[in-house]
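*Asks:* Encoded as structure tokens, here's the structure I'll be asking about.
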Amino acid sequence: METRELRYFITVAEELHFGRAAQRLGIAQPPLSRAIRQLERRLGVALLERTSRAVTLTEAGAVLLAEGRAALEAVDAAARRTRRAGAADTSDPGLVLVAKAGASSELLSKLLDAYAAEPGAVTVEVLLCAVAEQERLLRDGRADVALLHRPFDSTAGFDAEELCTEGQVVVLPATHPLAGRVHVRMAEVAALPGLPMPRWPGPDGAYPDGPGPKVRDTAQLHQLMALGRASAILPESCRAQLHQGLTAVPVLDAPAVTTVIAWPPHSRSRALAGLVRAATRL
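Following UniProt numbering, the numbering of the sequence shown begins with 1 at its first residue and continues without gaps.
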């Protein structure tokens with residue numbers, strides 16, 4: 001398959017209308033229709049069901065839509081990384097490290113200081129992003145390396161080194177009845193009246209249904225907790241950033257959180273290798 005054909009098909013699959021897809025692509029409708037028919041012949045399956053009233057995806061078409069998006073993202077990422085590698089021939093492009101805003105702040109600070117002391121260290125640009133965005137930025141080539149947190153982030157398709165594992169705590173107002181407890185359990189946290197858990201966006205950017213406030217990063221969450229509008233289960237290291245009037249109580253049966261440093265498996269960057277070495281020594 002050609003990337004042009006994939007882009008054509010994905011646009012039609014997203015619009016479910018050949019006229020709108022052609023307009024979006026800036027081409028006439030007849031060559032777009034021919035390209036889709038040619039792709040179907042080559043694959044030997046029907047990708048779209050066409051009637052006089054509607055265009056719908058077949059099961060095979062739904063598979064190609066998901067796989068095609070991933071393939072085009074990989075092509076775009078390859079182009080970005082190639083341009084960055086080419087820039088290294090004439091200048092120092094540095095490294096781009098992406099991390100979730102408000103998470104692993106102490107670890108990130110120590111890592112940057114440790115790497116800066118390494119011989120041959122390059123500039124590290126830090127991108128602080130919303131929840132669930134580090135993985136996407138690393139996959140699409142806009143970042144060279146990322147700090148991810150299992151089990152919330154996936155490391156599938158990346159090389160990774162584990163840096164630390166920690167338990168989780170529930171963050172509550174210091175005046176709450178549970179604030180004085182040595183520890184609590186998940187069931188007790190779920191039953192907290194008046195302190196709903198936040199709703200984080202999924203990989204597609206959509207928020208799950210529920211009564212809790214919508215949040216995109218931990219800085220926003222900390223503000224809501226300080227106002228007494230939410231509680232949250234967070235990694236133990238969040239204690240260093242708690243606002244006055246908040247307290248953290250260990251949650252015995254919450255899953256442990258493992259922070260990892262991850263990068264594309266085909267990377268041959270010496271600067272990246274040095275950063276990973278510095279991280280694993282911390």
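Using N, Cα and C, we set each Cβ at its ideal position, and we do this for glycine too.
These numbers come from a predicted model, not from an experiment.
1) My output table needs one value for Gln244: the three-state DSSP class, helix, strand or coil.
2) Starting from Ala99, follow the beta strand (DSSP E) in both directions and report where the run begins and ends.
3) Determine contact between the segment 103-117 and the segment 34-48, defined as no fewer than three beta-carbon pairs at a distance below 8 Å.
4) Are the segment 209-228 and the segment 63-78 touching by the rule of at least three beta carbon pairs closer than 8 Å?
5) How big is the Cα-Cα spacing for Asp209 and Ala116?
6) How big is the Cα-Cα spacing for Thr258 and Arg53?
7) Taking 8 Å as the threshold (C-beta atoms), are Ala66 and Val45 in contact?
8) Return the first residue and the last residue of the beta strand (DSSP E) that Arg50 is part of.
9) Rounded to whole angstroms, what's the CA-CA distance from Val55 to Leu97? Just pull it up for me.
10) Do Thr3 and Leu25 have their CB atoms nearer than 8 Å?
11) At a cut-off of 7 Å, is Glu166 close to the ligand FAD when judged by its beta-carbon and the heavy atoms of the ligand?
12) Between Asp102 and Asp217, what straight-line distance do the alpha-carbon atoms span, to the nearest angstrom?
13) Provide the residue span of the alpha helix (DSSP H) that contains Ile10, from first to last.
14) Is the distance from the Cβ of Thr123 to the Cβ of Gly141 below 8 Å?
15) Quick one: what does DSSP say Arg199 is sitting in, helix, strand or coil?
16) Can you give me the start and stop residues for the alpha helix (DSSP H) that Glu125 sits inside?
17) Find the nearest neighbour of Pro250 within the set Ala262, Trp200, Arg239, judged by alpha-carbon distance.
18) Locate the alpha helix (DSSP H) running through Val189, then write down its first and last residues.
19) Along the chain, where does the beta strand (DSSP E) containing Val55 start, and where does it finish?
20) Which term fits Glu125, buried or exposed, when burial requires 16 or more other beta carbons within 10 angstroms of its beta carbon?
21) CA-CA distance, Ala22 and Ala35?
*Replies:* Result, derived from the coordinates:
1) Locating residue 244 in the sequence shown gives position 244, where the first residue counts as 1. Here Gln244 sits in coil by DSSP.
2) Numbered from its first residue, the sequence shown carries residue 99 at position 99. Note, Ala99: beta strand (DSSP E), 95-100.
3) no
4) Flag = no, the segment 209-228 and the segment 63-78 do not touch.
5) Residue 209 sits at position 209 when you count from the first residue of the sequence shown. Residue 116 sits at position 116 when you count from the first residue of the sequence shown. If you take the alpha carbons of Asp209 and Ala116, they lie about 44 Å apart.
6) Counting from one through the sequence shown, the residue named residue 258 turns up at place 258. Counting from one through the sequence shown, the residue named residue 53 turns up at place 53. About 51 Å.
7) Reading the sequence shown from its first residue, position 45 is the one you call residue 45. Reading the sequence shown from its first residue, position 66 is the one you call residue 66. No.
8) Here residue 50 corresponds to residue number 50 of the sequence shown, with the count starting at 1. In the DSSP assignment, Arg50 falls within the unbroken beta strand (DSSP E) covering 48-50.
9) Translated into positions along the sequence shown, residue 55 becomes position 55. Translated into positions along the sequence shown, residue 97 becomes position 97. Rounded to whole angstroms, Val55 to Leu97 spans 42 Å at the Cα level.
10) Locating residue 3 in the sequence shown gives position 3, counting from the first residue. Locating residue 25 in the sequence shown gives position 25, counting from the first residue. In this structure, Leu25 does not lie closer than 8 Å to Thr3 by Cβ.
11) The ligand FAD is absent from the structure shown, which contains no ligands of any kind.
12) Looking up residue 102 in the sequence shown gives position 102. Looking up residue 217 in the sequence shown gives position 217. Just to set this straight, residue 102 is Gly in the shown sequence, not Asp. Computed Cα separation, rounded: 7 Å.
13) Translated into the one-based positions of the sequence shown, residue 10 becomes position 10. Looking at the DSSP string, the run of the alpha helix (DSSP H) that includes Ile10 is 3-15.
14) Position 123 of the sequence shown, counted from the first residue, corresponds to residue 123. Position 141 of the sequence shown, counted from the first residue, corresponds to residue 141. Contact: no.
15) Position 199 of the sequence shown holds residue 199. Strand, per DSSP.
16) To locate residue 125, count along the sequence shown from 1; it is residue 125. First-last for Glu125: 124-129, but that is the beta strand (DSSP E), not the alpha helix (DSSP H).
17) Residue 250 sits at position 250 when you count from the first residue of the sequence shown. For the residues Ala262, Trp200, Arg239, the minimum Cα distance to Pro250 belongs to Arg239.
18) As a first step, residue 189 must be located in the sequence shown, where it is residue number 189. Segment 186-190, the alpha helix (DSSP H) holding Val189.
19) By 1-based counting over the sequence shown, the position of residue 55 is 55. Boundaries of the beta strand (DSSP E) harbouring Val55: 55-57, taken from the DSSP string.
20) For the purposes of this step, residue 125 is taken as the residue at position 125 of the sequence shown. By the neighbour-count rule (16 or more Cβ atoms within 10 Å), Glu125 is not buried but exposed.
21) As a position in the sequence shown, residue 22 is number 22, starting the count at 1. As a position in the sequence shown, residue 35 is number 35, starting the count at 1. Straight-line Cα distance between these residues: approximately 11 Å.
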